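Numbered according to the working numbering, the sequence shown terminates at residue 550, and the numbering increases by one at each position without gaps.
Virtual Cβ for every residue (Gly too), placed ideally from N, Cα, C.
Note that the structure is a prediction, hence the values are computed from the model and not measured.
Working notes for the structure below.
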Amino acid sequence: MCCALATDKTDGDDLTTWAICWQAAVGREFFVQPSLVARIRDRLIGAHQRSGRVLVNYALLPAEIHIVAHIPRGDSPGGVARAFGNVLSRWVREVHPVRSPVLAGPYQAQPILSLEELRDETRMLAWRPVFLGLCSTPSHYPHGALRIALGLTPAKGFDTRPMLRNFGDSVPDARASLRRWITKRPSEQEWLAWELTRGLELAVGSVGPHPTMARSVDHGAAKLIAAAGAYGIDGALKLLELWIVAKIQPMNGLNLHEARSPVAARGRALVACLAVSHRLCSAASVARHFGRAKATLSEQMSACRARTKDQAILATPLQRIIEESSALLAMVNATAHLPP
Numbered sequence: 211m212c213c214a215l216a217t218d219k220t221d222g223d224d225l226t227t228w229a230i231c232w233q234a235a236v237g238r239e240f241f242v243q244p245s246l247v248a249r250i251r252d253r254l255i256g257a258h259q260r261s262g263r264v265l266v267n268y269a270l271l272p273a274e275i276h277i278v279a280h281i282p283r284g285d286s287p288g289g290v291a292r293a294f295g296n297v298l299s300r301w302v303r304e305v306h307p308v309r310s311p312v313l314a315g316p317y318q319a320q321p322i323l324s325l326e327e328l329r330d331e332t333r334m335l336a337w338r339p340v341f342l343g344l345c346s347t348p349s350h351y352p353h354g355a356l357r358i359a360l361g362l363t364p365a366k367g368f369d370t371r372p373m374l375r376n377f378g379d380s381v382p383d384a385r386a387s388l389r390r391w392i393t394k395r396p397s398e399q400e401w402l403a404w405e406l407t408r409g410l411e412l413a414v415g416s417v418g419p420h421p422t423m424a425r426s427v428d429h430g431a432a433k434l435i436a437a438a439g440a441y442g443i444d445g446a447l448k449l450l451e452l453w454i455v456a457k458i459q460p461m462n463g464l465n466l467h468e469a470r471s472p473v474a475a476r477g478r479a480l481v482a483c484l485a486v487s488h489r490l491c492s493a494a495s496v497a498r499h500f501g502r503a504k505a506t507l508s509e510q511m512s513a514c515r516a517r518t519k520d521q522a523i524l525a526t527p528l529q530r531i532i533e534e535s536s537a538l539l540a541m542v543n544a545t546a547h548l549p550p
């Protein structure tokens with residue numbers, strides 16, 4: 211999982227850009243003592259002093275630590291994590307000597323693919339302390355790079371130029387652009403997708419081999435789940451059902467769970483193809499969702515992938531599926547609340 215954001219060069223080598231985060235285990239927090247905040251910050255900066263690494267942004271929260279970094283292609287997010295995560299755990303154990311893990315799990319790293327994604331990540335990190343109830347506005351939170359970039363707090367070793375150059379050529383212009391960019395508060399759907407992608411929340415559902423399941427998901431599946439309005443895989447499957455029915459039989463209110471017609475079988479197979487291709491869940495999970503045999507569903511999926519008109523449906527961009535299915539869901543909900 212590697213991608214380049216061509217915004218910087220260091221010694222002639224391309225850099226890749228990553229959003230990396232650590233989450234505290236239940237019952238733990240990173241700021242056990244106030245002095246730990248400064249030590250953690252200094253360690254983060256020190257972990258990026260290796261040749262080629264560039265710390266672009268950071269947000270230190272009581273139970274979460276987020277960074278955005280440019281990393282040389284010969285390096286990796288794991289190298290940054292090793293230089294920071296183990297030390298972080300040791301420091302917290304020294305202050306809070308409880309026999310339990312400090313971190314909820316391994317670090318999470320997501321590639322940043324474009325300048326727009328980098329700016330969006332800046333907005334999400336700016337609003338994260340507000341979302342968690344730690345402050346009232348993004349610029350008030352003291353333990354992040356935002357206040358430094360805006361000129362509200364002394365830098366104390368943090369270089370703001372890599373962050374500011376993503377918003378403008380001069381410092382005044384970049385700061386003004388940065389302020390405009392973070393003005394809009396993220397929506398609930400944006401938070402759901404972001405938390406799922408960053409591993410801060412797990413996708414849950416009842417479509418697995420056990421009565422309930424919880425697992426991490428990547429960007430595409432996270433966006434589908436968030437569009438359904440919660441952390442549930444089942445809800446995302448229902449959203450795909452709604453969209454597929456609108457594509458193959460919009461006038462007759464097809465029920466993909468109960469109907470046994472060829473068109474219903476085709477619809478179930480199309481839902482399964484989309485769920486698998488966007489890594490929402492496995493074909494076996496979709497078969498359990500519909501109460502059908504996995505072998506039969508797999509045969510129908512193969513038929514859909516070979517059918518020209520179904521290929522066009524399956525090639526629909528995910529963002530379009532989400533927009534159209536969300537509009538359909540809004541219509542269904544509005545109709546359900548109409549008086550009889």
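Problem - Where residue 217 sits in the DSSP three-state scheme - result: Legend: pLDDT at residue 217 = 43, less than 50; position of this residue unreliable, no value from coordinates given.
Exercise. What separation, rounded to the nearest whole angstrom, lies between the Cα atoms of residue 447 and residue 466?
Worked result: 11 Å
Review point. Can you list the alpha helix (DSSP H) stretches of 4 or more residues lying completely in the stretch 254 to 324, in chain order?
Key: 287 to 305
> So, helix, strand or coil for residue 473, using DSSP?
Replying inline: helix
Return no unless some Cβ of chain C is closer than 8 Å to the Cβ of residue 379. No chain C appears in this structure, which consists of one protein chain only.
### Query
Does the beta-carbon distance from residue 271 to residue 375 come in below 8 Å?
no
Backbone secondary structure at residue 334 - three-state DSSP:
helix
Exercise. Over what stretch of residues does the alpha helix (DSSP H) that includes residue 390 continue unbroken?
Worked result: 381 to 391
*Is residue 413 helix, strand or coil when you go by DSSP?*
strand
*asked:* What does the Cβ neighbour count give for residue 236, buried or exposed, with the cut at 16 atoms within 10 Å?
replied: exposed
ask   = Where residue 287 and residue 239 are concerned, what is the direct C-alpha to C-alpha distance, given to the nearest angstrom?
value = 23 Å
#### Entry: residue 267 versus residue 435: straight-line alpha-carbon distance, rounded
28 Å
Worksheet item: What first and last residue would you give for the alpha helix (DSSP H) that runs through residue 425?
Response: Element bounds for residue 425: not the alpha helix (DSSP H) but the beta strand (DSSP E), 423 to 425.
### Query
Roughly how many angstroms separate the alpha carbons of residue 283 and residue 481, rounded to a whole number?
38 Å
Three-state secondary structure assigned by DSSP to residue 243: coil
For residue 252, count neighbouring C-beta atoms within 10 Å of its own C-beta (all shown protein chains included) and say buried if the count is 16 or more, exposed if not.
-> exposed
Which of the three DSSP states is assigned to residue 231 in this structure? strand
Note to self: Taking the straight line between their C-alpha atoms, what separation do you get for residue 459 and residue 297?
What the structure shows: 58 Å
* To do: State the beta-bridge partners of residue 445 as determined by DSSP.
  => Partner(s): none; residue 445 has no beta bridge.
_On the criterion of 16 or more Cβ atoms from any shown chain inside 10 Å, does residue 334 qualify as buried, or is it exposed?_
buried
### Message
Can you tell me whether residue 505 is buried or exposed? The criterion is at least 16 other CB atoms within 10 Å of its CB, across all chains shown.
### Response
exposed
On the three-state DSSP scale, how would you describe residue 212? Below a pLDDT of 50, predicted positions are generally treated as unreliable, and residue 212, at 37, falls in that range; no measurement from the model is reported.
Residue 319 to residue 230, Cα distance in whole Å?
4 Å
So, is residue 520 buried or exposed, given that buried needs 16 or more other C-beta atoms within 10 angstroms? buried
* C-alpha gap between residue 383 and residue 329, whole angstroms -> 15 Å
Check: Since residue 497 is in the alpha helix (DSSP H), which residue starts that stretch and which ends it?
Finding: 493 to 500
Self-check item: Close beta carbons around residue 392, own chain, < 6 Å, minus the five adjacent residues each side
Solution: 333, 336 and 348
Review point. Can you give the Cα-Cα distance for residue 377 and residue 509, rounded to whole angstroms?
Key: 51 Å
Query raised in the report: In three-state DSSP terms, what is residue 225?
Result: strand
Label residue 502 either buried or exposed according to how many other C-beta atoms from any shown protein chain fall within 10 Å of its C-beta, with 16 as the threshold for buried.
-> buried
Checklist entry - Using the rule of at least 16 other Cβ atoms within 10 Å of the residue's Cβ for burial, across every protein chain shown, is residue 427 buried or exposed? => result buried
Query - residue 432 and residue 412 closer than 8 Å at C-beta - result: no
- Message: Just verifying my parser: in three-state terms, what is the DSSP assignment at residue 354?
- Response: strand
Q.
Excluding the 5 residues flanking residue 454 on each side, which residues of the same chain have their C-beta closer than 6 Å to its C-beta?
A. 477, 480 and 481
Checklist entry - Is residue 493 closer than 8 Å to residue 484 when the C-beta atoms are compared? => result no
- Does the Cβ of residue 403 have 16 or more other Cβ atoms within 10 Å, making it buried, or fewer, making it exposed? buried
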